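Trainee: Oh and the sequence shown: position 72 is 71 in numbering that gives the first Met the number 0, straight run, nothing missing.
Quick one: this structure, given as structure tokens, is what I'll be asking you about.
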Amino acid sequence: MRRAVFPGSFDPLTLGHTDIINRALNLFDEIIIAIGNNTSKNYMFSLEQRVKFIEQTYAGEKKIKVDTYEGLTIEYCKKVNSAFILRGLRNPADFEFEKAIAHTNRKLSKIETVFLLTSANTSYISSSIVRDVLRYKGDVTGLVPDAVHQHAQ
Ligand code: ADP
């Protein structure tokens, strides 16, 4: 079984994330969307709420699992028996950042990172910009899935 872990903060889940997830469904038998819980980070949405957004968006999709973890992503991958980490790339800054992490993860383990290039129409979407729009009560239609949109209204 080809299993991938898609790690991230998902604070909140965006249509950029779902674009990567939906396209990766053709590549993997199972995708675990793993929400990293970093106690030193200040999140807009609680861990429970971030889990809920993903569960609601993928209700009925048997290939998608949602989980949370703390610590190193590669240790989590070993725990759930996943040989692949899935990540999305939007721009050169993402690439530079992800490259160093992927090299390090390869140095520490045999786990491969698989990158999918963002779709042109979602490349500008980021959770941090969505959070800014939400803070000022802006309209996030077209940026986030329905579950997040409904919660924000
Ligand atoms: P992290 O804090 O680990 O970067 P994020 O939730 O911001 O967590 O992102 C998780 C993954 O989703 C990362 O690989 C990121 O590059 C990818 N991603 C986020 N937004 C987009 C987008 N619009 N298009 C493609 N990939 C994206």
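A virtual CB, placed ideally from N, CA and C, is assigned to each residue, including glycine.
These numbers come from a predicted model, not from an experiment.
1) Taking the Cβ atom as the reference point for each residue, do VAL65 and ILE32 lie within a distance shorter than 9 angstroms?
2) Looking at the secondary structure, which residues open and close the beta strand (DSSP E) in which ARG1 lies?
3) Which parts of the segment 39-85 are runs of the beta strand (DSSP E), unbroken and 3 residues or longer, counting only runs that do not cross its ends?
4) Since ALA119 is in the beta strand (DSSP E), which residue starts that stretch and which ends it?
5) Determine the DSSP secondary structure at GLY141, reduced to helix, strand or coil.
6) Here's the rule: buried if 16 or more other CB atoms are within 10 angstroms of the residue's CB, otherwise exposed. What is THR140?
7) Let's test the definition: count the other Cβ atoms within 10 Å of the Cβ of ALA23 and tell me whether it reaches 16, buried, or not, exposed.
8) Could you check whether the Cβ of PRO6 sits closer than 8 angstroms to any heavy atom belonging to the ligand ADP?
9) Please state if the CB of THR56 and the CB of VAL147 are separated by a distance shorter than 9 angstroms.
10) How far does the beta strand (DSSP E) with THR30 in it reach, from first residue to last?
11) State the CB to CB distance for the pair ILE30 and LYS78, rounded to an integer number of angstroms; the pair is presumed to be in contact (CB under 8 angstroms).
12) Within the 9 angstroms Cβ cut-off, does PRO144 reach chain D?
13) What are the start and end residues of the alpha helix (DSSP H) that includes SER126?
14) Judging by CA-CA distance, which residue of SER39, PHE9, GLY35 and GLY70 is the nearest neighbour of PHE52?
15) Does the ligand ADP have a heavy atom nearer than 8 angstroms to the CB of HIS16?
Mentor: Answer, in terms of the structure:
1) Yes; because the gap between Cβ atoms is below 9 angstroms, this pair is in contact.
2) Element bounds for ARG1: n/a, residue is neither H nor E.
3) Listed in chain order, the complete beta strand (DSSP E) runs (minimum 3 residues) inside the segment 39-85 are 63-68.
4) Run containing ALA119: none; DSSP gives neither H nor E here.
5) Three-state result, GLY141: coil.
6) Exposed, by the Cβ-count rule.
7) ALA23 is buried by the Cβ-count criterion.
8) For the ligand ADP, a non-hydrogen atom lies closer than 8 angstroms to the CB of PRO6.
9) Going by beta carbons, VAL147 and THR56 fall inside the 9 angstroms limit.
10) For clarity, residue 30 is Ile in the given sequence; the question names Thr instead. Where ILE30 is concerned, the enclosing beta strand (DSSP E) stretches over 29-35.
11) At roughly 16 angstroms, the Cβ-Cβ gap does not stay under 8 angstroms, so ILE30 and LYS78 are not in contact.
12) Within the model displayed, chain D is absent; a lone protein chain is all it includes.
13) Element bounds for SER126: 126-134.
14) Answer by Cα proximity: PHE9.
15) At least one heavy atom of the ligand ADP is found less than 8 angstroms from the C-beta of HIS16.
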